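The next block holds one structure in the form of structure tokens; read it before the comments.
Protein chains: 2
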Amino acid sequence: MRVPYAELHDTVRRALEKTGLDADRADACARIITDSTCDGVPSHGVNLVPRLIAMMRKGVVDVAARCVRVAAHGPVERWDGQRGVGALNASDSMSAAIALARTHGIGCVALANTNHWMRGGTYGWQAADAGVIGICWTNTLPNLPPWGASDPRIGNNPLVIGVPRAAGHVVLDMALSQFSYGALAQYRMRGELLPVVGGFDTRGELTRDPAEIEATRRPLPIGFWKGSGLSIMLDLVAAILSGGRATHQIAVGPEEETALSQVFIAIDVASLPGAEAARTADAIVEHLRIPARDGERVRYPGERTLERRRQHLADGIPIEQSAWDFLRGV
Amino acid sequence: MRVPYAELHDTVRRALEKTGLDADRADACARIITDSTCDGVPSHGVNLVPRLIAMMRKGVVDVAARCVRVAAHGPVERWDGQRGVGALNASDSMSAAIALARTHGIGCVALANTNHWMRGGTYGWQAADAGVIGICWTNTLPNLPPWGASDPRIGNNPLVIGVPRAAGHVVLDMALSQFSYGALAQYRMRGELLPVVGGFDTRGELTRDPAEIEATRRPLPIGFWKGSGLSIMLDLVAAILSGGRATHQIAVGPEEETALSQVFIAIDVASLPGAEAARTADAIVEHLRIPARDGERVRYPGERTLERRRQHLADGIPIEQSAWDFLRGV
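Line by line, the protein sequences are chains A and B.
The first sequence begins at 1479 in our numbering and counts up by one.
The second sequence begins at 1479 in our numbering and counts up by one.
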């Protein structure tokens, strides 16, 4: 089914307000969730709302908590998310980093004790909309084996980079796993193999069979050993700067994963004189507009997001009936 | 053959001085090259010296140039490398970022018009040795096709992250290609297949055959589409912040690649009160000390580097006879 933006936003807002969020915060959180769904990422938008509401009801996510600044040193700040709503904490933290960047040229906010930020790309778009470069990442529960091992000890730690551009921001939003468990399940349910290897099978060989990877719980980091190393680094920096938990300290279980650590860096492009930022970004994007081998053409990060956003704002946002029924039933 | 550290350093220093570098700068550059070789990365140490000297003789690398600060806004600075020696420009830029971080908590130096920085890890170790977190990257000539295309339009843009730790810094140094052309050549010469897929063959299929990938010039970015996106983002941020060239503007050819753009970020862990940085880093590293499936154990980024460094300082640094002969013959 398709739902107009305003109706979806209103429905999510009501569901969150009924679960105990203050009206203004329910409105802001519903906007983040609706934007993500409108951008074509329902997996990190409306489809996460049942989990969010379950965690709010269990008290794992504290509906009343707001993040607070606990330390500051010029452009570097440490915030405590107080185990409040992850998307609001992340949005507030990126806002704080943007404000620091306006003053200092750069801002860095490290956030401890927060919850799942839903779609990481949200905060890359937020920075780009404010005209600044945004770089942010989160740690997660341990869901990937480090390279060479079988035991999940590192997180898929999504990394987001946003660069502002008048003709369409360039925004990368990538987890460090090659495929999420959600993606594996979708391929399995469609009876498809993965387009590239995504993990190990029960014989310890690389495989494109999603069910085998779900069984071994050995999905691949991007770039094999390289993504494994990058995951470790992002966890180190997030935990050290925030003073919060590292991946190995985060409880396992989708409704238990809490007390995450995140980093938000904003850099104000306008702080340096003579910046030809707009022309530079346009030239890089234009140079990538070449034919792809499948008859399409190469896309830059964020390009499909903008296409889907325009389409869904015009035609309504596609969501699954079950997600809609859930929202209406809260 | 094996050469003691002091002898290798002296030999590289003399070769660089004979090629026109001032004595103090020849000494500093030789130290970077000797350290990289001692750390087990001769490919980005002594084995790059013939190329460096050829570029100095051709004037592509200006032996007399020193990088200069061209703009500053608090903790954010822009430097111009003046097409001088890349390793010295990068080291000076990371030094400047570290100094900014001591004052402001964070420092960001964007460097334009520089040359190949040799081993990127050098600047991650430099930051960690100074007790700060270092994050840096460079763009490169176009040497990878963006995901979906055949034409090399993006760089392998190495990314480096260093985290200080008393018992051994944690330092990641990774190019965004799964295998460099140098690595492909080594596998081919040994008659081996790659351990995982590394690019496309002449039929457009993914392959582990290094010769096929050298023929198609279609090596893979890490994580397939993900590394392709990350490469684009790192190029955007480096070119925008430095005001320098983007990958598509960088000349192709190993001795022509010049006017690169780089970013150096340093964050002073000590700037925030109550940081338990040392304990946090130790706990993360300890939690990864688990058996690997090959009978070894999982290593953290930088662990093998430290092992090789200790071994080579004790037993001499292994280098190829041809590299030694080249250095002695300059």
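Glycine included, every Cβ here is placed at the ideal spot set by N, Cα and C.
Computed from a predicted model, the values in this text were never measured in an experiment.
Taking a Cβ-Cβ threshold of 7 angstroms, none of the residues of chain A is close to B/THR1616; the smallest such distance is about 15 angstroms. B/CYS1586 reaches chain A at GLY1583, ILE1584 and ILE1745, counting residues in chain order whose Cβ is nearer than 8 angstroms. Going by C-alpha positions, A/ARG1757 is about 19 angstroms away from A/GLY1612. Separation of the CB atoms of A/PRO1636 and A/VAL1610 is rounded to 20 angstroms, and the pair is thereby denied contact status at 8 angstroms.
Taking C-beta atoms as the reference points, A/VAL1649 and A/GLY1780 count as a pair closer than 8 angstroms. Looking at the DSSP output, B/LEU1622 bridges to B/ILE1632. Going by DSSP, B/PHE1804 is part of the alpha helix (DSSP H) stretching over 1799 to 1807. For the region 1500 to 1533 of chain B, the full-length alpha helix (DSSP H) segments reaching 4 residues or more read 1501 to 1516 along the chain.
Of B/ARG1535, B/GLU1485 and B/THR1512, the smallest CA-CA separation from B/THR1497 is found for B/ARG1535.
Here B/ILE1584 really is in contact with B/PRO1553; their C-beta atoms are around 5 angstroms apart, less than 8 angstroms. For the pair B/ILE1639 and A/LEU1719, the Cα-to-Cα distance works out to about 14 angstroms.
Counting C-beta atoms within 10 angstroms of its own C-beta, B/MET1667 has fewer than 16 neighbours from the protein chains shown and is therefore classed as exposed. In the DSSP assignment, A/ASP1607 falls outside any beta strand (DSSP E) and within the unbroken alpha helix (DSSP H) covering 1599 to 1607. Going by beta carbons, B/VAL1524 and B/ILE1511 fall inside the 8 angstroms limit. In this structure the region 1758 to 1774 of chain B touches the region 1713 to 1730 of chain A; the number of beta carbon pairs closer than 8 angstroms is three or more. Shown in chain order are the members of the region 1695 to 1709 of chain A whose Cβ falls below 7 angstroms from a Cβ of chain B: ILE1700, GLY1701, PHE1702, LYS1704, GLY1705, GLY1707 and LEU1708. Taking all protein chains in view, the Cβ of B/VAL1546 is surrounded by fewer than 16 other Cβ atoms within 10 Å, so the residue is classified as exposed.
In summary, the residues of the region 1621 to 1645 of chain A whose CB is separated from some CB of chain B by less than 7 angstroms are PRO1624, GLY1626, ALA1627, SER1628, ASP1629, ARG1631, ILE1639 and VAL1641, in the order they occur in the chain. Residues of chain B with a Cβ closer than 7 angstroms to the Cβ of A/TYR1659 do not exist, since the nearest Cβ in that chain sits about 17 angstroms away. B/MET1652 is bridged by DSSP to B/LEU1637. The three-state secondary structure of A/ILE1700, taken from DSSP, is coil.
Burial is judged here by how many other beta carbons sit within 10 angstroms of a residue's own beta carbon; A/LEU1486 has at least 16 and is buried. Cβ-Cβ distances below 6 angstroms link A/GLY1722 to ALA1590, ASN1591 and SER1739 in the same chain, with the five nearest sequence neighbours on each side left out; the list follows chain order.
An exposed status is given to A/ASP1629, since fewer than 16 other beta-carbon atoms sit within 10 Å of its beta-carbon.
Between the alpha carbons of A/ARG1544 and A/ASP1502 lies a distance of about 12 angstroms. Interface flag for A/VAL1546 against chain B is unset, since no Cβ pair is found closer than 8 angstroms.
In the assembly as shown, A/ARG1631 is a buried residue. Its beta-carbon has 16 or more other beta-carbons within 10 Å. Under DSSP, the beta-bridge partners assigned to A/ASP1558 are A/VAL1546 and A/ALA1590. Taking all protein chains shown into account, A/GLN1799 has fewer than 16 neighbouring C-beta atoms within 10 Å of its C-beta and is therefore exposed.
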